[in-house]
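Step one of this worksheet: look at the structure below.
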Amino acid sequence: QAHASKDLEEQLRSVSSVDELMTVLYPEYWKMFKCQLRKGGWQHNREHSSFDTRSDDSLKFAAAHYNAEILKSIDTEWRKTQCMPREVCVDVGKEFGATTNTFFKPPCVSIYRCGGCCNSEGLQCMNISTNYISKTLFEITVPLSHGPKPVTVSFANHTSCRCMSKLDVYRQVHSIIRRALPATQAQCHVANKTCPKNHIWNNQICRCLAQHDFGFSSHLGDSDTSEGFHICGPNKELDEETCQCVCKEGVRPSSCGPHKELDRTSCQCMCKNKLLPASCGPSKEFDEDKCQCVCKKTCPKHQPLNPAKCICECIESPNKCFLKGKRFHHQTCSCYRPPCTVRTKRCDAGFYFSEEVCRCVPTYWKRPLMN
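Just so you know, the working numbering puts 840 at position 90 of the sequence shown, and the rest follows in order with no gaps.
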């Protein structure tokens, strides 16, 4: 428990935006909220939602300290403090170490230097790319022997910044160390509009949306499970395109076999005929693929299974055996040929001894022996 709390604290200290903060604390709720904003606002229509009933109370979004307007204000302030090039006034004399009897007018120039706040104590805001710009100033030297002299001076102008470790700081030049925050999502290209009452400006879709206060569950995840709490339930996930809870792993009605249909509540393929295993009779088992009771009875070789009746039936009969020139054996349900009691030792030419009739018959009567 202590280890988990320490990990959570480290995550919270390292977040760099409202988006990251809410993702750490309330990943499922935050994902749904952003999805609804992209779609044009939170819809409270239950006919078009499929959330787990256990989360209904948490989805009322009524906590005043987490309403959308406050989050917008915090996020705006957060962006202002990020590590980025900022327009600053630089004292020309201090920048170049001019002598005490030389000064410049104007004494300062406006250029860009890195500044802001970093999320980690071990990081500092440093420039990672620089260009040089020229400024024309008056240089004045005292005692005044001649008038102000126009001079052109080059200044380092920071063009991009990054939060870097102190070890990397010593490898950089022309930087003013400030604490900073990694860049967040870019805002709209157009200026924020003044929205009507009960509406807020949405930077993702660049228009005003009806404001819906929202709150988050105090449930920060179950420490006993690796996945934690899910707004859509254990078998579903949020489809960010439609903002609907859908079955995980792309399970759709077409994923079920010909005898099954998708139960959208449990996300399981269920038999269309609603047949249950308990409804199968003796010697039968429920086939989950076919959604029907099938016979599983084991029969002896001479009494094959009749699937329709689920019984072992004899396929031979006295009449069938007679047509084969054999006799019917009731105990084994098979045909057999009794041995001839009288055998002719020798048949005349053109004849052979037939086991079927126990006498000599013409050779042309001969046919392949039947089993």
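Yeah, the Cβ is synthetic: ideal placement off N, Cα and C, and Gly gets one too.
List the DSSP bridge partners of residue i.
{"i": "S1104", "result": "R1109"}
{"i": "I865", "result": "First, the residue type needs correcting, since residue 865 is Gly and not Ile in the sequence shown. DSSP lists M834 as partners of G865."}
{"i": "C993", "result": "According to DSSP, which records beta bridges pairwise, C993 is partnered with nothing at all."}
{"i": "E1063", "result": "Note: E1063 sits in no beta bridge, so no partner."}
{"i": "N907", "result": "N881"}
{"i": "L988", "result": "C995"}
{"i": "R1077", "result": "Y1086"}
{"i": "N1056", "result": "I1061"}
{"i": "E889", "result": "F854, K899"}
{"i": "F1036", "result": "C1043"}
{"i": "L1051", "result": "The amino acid at residue 1051 is misidentified as Leu; the sequence shows Lys. Answer is none; K1051 lacks a bridge partner."}
{"i": "L873", "result": "S915"}
{"i": "Q786", "result": "Answer is none; Q786 lacks a bridge partner."}
{"i": "D841", "result": "C858"}
Near residue i, what residues of its chain come up, given a Cβ to Cβ distance below 6 Å and the 5 sequence neighbours on each side ignored?
{"i": "G1000", "result": "none"}
{"i": "P1057", "result": "C1045"}
{"i": "T773", "result": "W780"}
{"i": "D825", "result": "V768"}
{"i": "S968", "result": "Any reading at S968 must be qualified, since the residue scores a pLDDT of 47, below 50, and its modelled position is unreliable; the value itself is stated next. Excluding residues within five positions, none has a Cβ falling inside 6 Å."}
Here's the rule I'm using: 16 or more other beta-carbon atoms within 10 Å means buried, otherwise exposed. How should residue i be labelled?
{"i": "A818", "result": "buried"}
{"i": "N881", "result": "exposed"}
{"i": "V768", "result": "buried"}
{"i": "Y1086", "result": "exposed"}
{"i": "E1066", "result": "buried"}
{"i": "K1076", "result": "buried"}
{"i": "V840", "result": "buried"}
{"i": "E991", "result": "exposed"}
{"i": "K1051", "result": "exposed"}
{"i": "L809", "result": "For L809, the pLDDT reaches just 40, beneath the cut-off of 50, and the residue's location in the model is therefore unreliable, although a value from the coordinates is still provided. L809 is buried by the Cβ-count criterion."}
{"i": "L787", "result": "buried"}
{"i": "F699", "result": "Any property of residue 699 remains undetermined from this structure, which presents the chain solely from 751 to 1121."}
{"i": "F811", "result": "Any reading at F811 needs caution, since the residue's pLDDT is 40, under 50, leaving its predicted position unreliable; the model's value is listed next. Buried."}
Among residues of its own chain, excluding the 5 on either side of residue i, which ones have a beta-carbon nearer than 8 Å to its beta-carbon?
{"i": "S1033", "result": "C1045, K1046, K1047, C1060"}
{"i": "R836", "result": "Y862, R863, C864, G865, G866"}
{"i": "G1100", "result": "P1112, T1113"}
{"i": "T909", "result": "P835, Y862, N877, S879, T880, N881"}
Please confirm whether residue i and residue j have their CB atoms less than 8 Å apart.
{"i": "P857", "j": "V842", "result": "yes"}
{"i": "K986", "j": "C997", "result": "yes"}
{"i": "C878", "j": "R912", "result": "The identity of residue 878 in the sequence shown is Ile, whereas the question assumes Cys. Against a cut-off of 8 Å, the Cβ pair of R912 and I878 comes out as a contact."}
{"i": "C1110", "j": "T1094", "result": "yes"}
{"i": "I883", "j": "N907", "result": "yes"}
{"i": "C1043", "j": "C785", "result": "no"}
{"i": "C1083", "j": "C1108", "result": "no"}
Sort the options by Cα distance to residue i and report the nearest one.
{"i": "C1041", "options": "C1049, S1029, H1052", "result": "S1029"}
{"i": "C833", "options": "C982, S860, G865", "result": "G865"}
{"i": "S904", "options": "P1088, C1085, K885", "result": "K885"}
{"i": "L762", "options": "N869, M914, P1112", "result": "N869"}
{"i": "L917", "options": "S895, M876, G897, T891", "result": "M876"}
{"i": "S1005", "options": "T1015, E889, M1020", "result": "M1020"}
{"i": "D1037", "options": "V892, G1007, K789, E1105", "result": "G1007"}
{"i": "Q915", "options": "C945, E871, G897, L894", "result": "One detail in the question is off: residue 915 reads as Ser in this sequence, not Gln. Minimum Cα distance to S915 is reached at E871."}
{"i": "L988", "options": "S1016, T1015, E778, L771", "result": "E778"}
{"i": "L873", "options": "P898, S766, Q1018", "result": "S766"}
{"i": "N1023", "options": "P893, D1039, R1002", "result": "D1039"}
{"i": "T852", "options": "P893, S823, D757, L1012", "result": "P893"}
{"i": "T1015", "options": "S764, C995, E827, K789", "result": "C995"}
{"i": "C1017", "options": "L1073, L1026, R1002, L1025", "result": "R1002"}
Spatial neighbours of residue i within its chain, please: C-beta separation below 7 Å, excluding the five flanking residues on both sides.
{"i": "Y1114", "result": "none"}
{"i": "L887", "result": "V842, F854, K855, P856, V901, V903"}
{"i": "E1105", "result": "R1087, C1090"}
{"i": "L1055", "result": "C1045, K1047, C1049, C1062"}
{"i": "L821", "result": "V768"}
{"i": "Q1081", "result": "none"}
{"i": "K756", "result": "none"}
{"i": "F1078", "result": "E1066, S1067, P1068, C1071, C1085"}
Quick one: is the Cβ of residue i within less than 7 Å of any heavy atom of the ligand GTP?
{"i": "E871", "result": "The model depicted lacks the ligand GTP and carries no ligand whatsoever."}
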